[in-house]
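Position in the sequence shown (first residue = 1) + 210 = this note's numbering.
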Amino acid sequence: MSPEDTRARAGAGFAAATEAFFASLASTIEQLRAMLPAGAAVDNDAADPAPLGNFALGRIDPARFASLVLRERALDPDASGAMERALATLSGLARQGEQLTSVKLAPGESLHAAVSAALAQVGRAFGAARVAALARSDQYEPARHDRDLERFPFARWNRAERRLAPPLLIELDGADLHAGALAEFLDGQMRFVFVLRGEASPAPLAGLVSPGVFVAQAADAESLERMFAWGGPGLAALVPEPCARFVHDPEGGLQSFERLTLEHLPEQAPAGSVGGISRAQQSAQLRQLQDLAAPVTPAVSAPPAPVAARPSAPDAIAAAPRPATPDEIAAASAATPPTPDPIDKLAAWLLAAADLSDLP
211 MSPEDTRARA GAGFAAATEA FFASLASTIE QLRAMLPAGA AVDNDAADPA
261 PLGNFALGRI DPARFASLVL RERALDPDAS GAMERALATL SGLARQGEQL
311 TSVKLAPGES LHAAVSAALA QVGRAFGAAR VAALARSDQY EPARHDRDLE
361 RFPFARWNRA ERRLAPPLLI ELDGADLHAG ALAEFLDGQM RFVFVLRGEA
411 SPAPLAGLVS PGVFVAQAAD AESLERMFAW GGPGLAALVP EPCARFVHDP
461 EGGLQSFERL TLEHLPEQAP AGSVGGISRA QQSAQLRQLQ DLAAPVTPAV
511 SAPPAPVAAR PSAPDAIAAA PRPATPDEIA AASAATPPTP DPIDKLAAWL
561 LAAADLSDLP
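Okay, here's the thing in structure tokens:
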């Protein structure tokens, strides 16, 4: 299957989500170019947003950017060099275009390793934004931060970055779809579309059905569009005919049977192992789907417990909560999540600054 055919099968939702990421990338490139001093080594052709079409044009407001987050001052040579390298990184990613969001596995290749490597490449955009922000705020240290321009793995992405990430389109042999290996990446708005080659187990995505994850196995892209309307993580696979077809939509309800729609189950039991997944494991996948789709019979409620007598006044006073000690207050403060790092905020803003309000 050609890359064009693969993308066509992924549907319009995939194309729109990918284009939004590249529009933000183009906006960031222009902002960094505006911040660099005159005479800096800038690749003007690489930063040209024209290859992205009209989507990226007219959405860049350097004046607003400067008024919100930047101090007007001259950059020292180290900071200027760091920003030039960040700009070169972003420009190189923009030039990759669709290749950046496409993963094609050779037969037998590790799905986890391939996806981890692809996300580390996508993450270089976030790493470059952070390097630029650090350089602009006098916090840049080459020994610590330059590595983020080469590789920025998913584990280091913050919440805003995980929501901004583009979807990945993954083409692989059906026998190599061991989707459980991707559980650690199902956060924010990270979404994966699988196009399978050849035989697959009947329900390879069943094990990732959970309340906050959209999961679908479908025969055509129309069934995948709902995933891109969902505001959280998700996986969808275009599967061959013998496989189960289902949609798990987190917005369907509180109970699993309200969220899961079973469209098709194989009529025959698995004939043999597929990609190391035994017949017993394949049968377990199908049983799991059936169990999740089965309506739950409400349990008979137990009679109410007797109401305890109200304590007398002295007892009530004795049972009142005592004030916290200084040590307890200090311990509670230490457990409070830290305030987001301003650099993280700025780096996220850099890539989210494109105005997308007029999108359909």
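Think of the CB as a built atom: it goes at the ideal place given N, C-alpha and C, for glycine as much as any other residue.
Inter-residue CB distance, Met400 and Arg372 (contact presumed, cutoff 8 Å)
6 Å
Using the DSSP secondary-structure output, state which residues sit across from Gly444 in a beta bridge.
Arg401 and Phe424
Can you give me the Cβ contacts of Asp286 inside the same chain, cut-off strictly under 6 Å, excluding the 5 residues immediately before and after it?
none
Considering only the alpha carbon of each residue, which of Val403, Pro421, Leu315 and Ala385 lies closest to Gln492?
Ala385
Strand pairing of Asp383, partner residues [DSSP]:
Arg407
Note down the Cα distance separating Pro352 from Arg489, rounded to an integer number of angstroms.
53 Å
I'd like the list of long-range same chain contacts for Phe467, defined as Cβ closer than 8 Å, with 5 residues on each side in sequence excluded.
Leu502, Ala503, Ala504, Pro505 and Val506
Compare the Cα-Cα distances from Pro412 to each of Val449, Phe404 and Arg334 and report the closest residue.
Val449
Is it buried or exposed, Glu294, if we count other Cβ atoms within 10 angstroms and call 16 or more buried?
buried
Span of the beta strand (DSSP E) holding Leu315?
Counting along the chain, Leu315 falls outside any beta strand (DSSP E), and DSSP gives it neither H nor E.
Local Cβ density within 10 Å of Glu573, reported as buried at 16 or more and exposed below that
With the chain covering 211 to 570 only, the question about residue 573 has no answer from this structure.
Collapsed DSSP secondary structure at Arg455 in the structure displayed
strand
Would you decide whether Asp255 is buried or exposed? Buried here means 16 or more other CB atoms lie within 10 Å of its CB.
The predicted model places Asp255 with a pLDDT of 47, which falls under 50 and marks its position as unreliable; any figure quoted below should be read in that light. With fewer than 16 other Cβ atoms within 10 Å, it is exposed.
Would DSSP call Val484 helix, strand or coil?
strand
Boundaries (first-last residue) of the alpha helix (DSSP H) holding His474
His474 -> not in any alpha helix (DSSP H); beta strand (DSSP E) instead, spanning Leu470 to His474.
Consult DSSP for Leu321 and reduce its assignment to one of helix, strand or coil.
helix
Bridge partner(s) assigned by DSSP for Leu378
Phe402
In terms of residue numbering, what span does the alpha helix (DSSP H) encompassing Ala338 cover?
Arg334 to Arg346
Which residues mark the beginning and the end of the alpha helix (DSSP H) in which Asp501 is found?
Arg489 to Ala503
Own chain partners of Thr471 with C-beta closer than 7 Å, once the 5 adjacent residues on each side are dropped:
Phe456 and Val457
Within the same chain, show all residues whose beta-carbon is closer than 6 Å to that of Leu382, passing over the 5 residues directly before and after it, in chain order.
Leu315
Return helix, strand or coil for Thr311, following the three-state DSSP convention.
helix
Contact between the region 288-308 and the region 353-362: three or more CB pairs below 8 Å?
yes
Report the three-state DSSP secondary structure of Phe362 (helix, strand or coil).
coil
Looking at the secondary structure, which residues open and close the alpha helix (DSSP H) in which Gly302 lies?
Pro287 to Gln306
Please classify Leu387 as buried or exposed, where buried requires at least 16 neighbouring CB atoms within 10 angstroms.
buried
When the Cα atoms are used, what is the spatial distance from Ala479 to Leu378?
32 Å
State the DSSP-derived secondary structure class of Asp356, mapped to helix, strand or coil.
helix
Counted within 10 angstroms of its Cβ, other Cβ atoms place Leu464 as buried (16 or more) or exposed
exposed
How would you label Pro376, buried or exposed, when you count the other beta carbons within 10 angstroms and need 16 or more for buried?
buried
Alpha carbons only, please: which of Leu434, Gln495 and Glu451 is nearest the one belonging to Ala227?
Leu434
Counted within 10 angstroms of its Cβ, other Cβ atoms place Glu473 as buried (16 or more) or exposed:
exposed
Contacting residues, own chain, Cβ-Cβ under 7 Å from Ala338 (five flanking each side not counted)
Ala296, Thr299, Leu300 and Leu359
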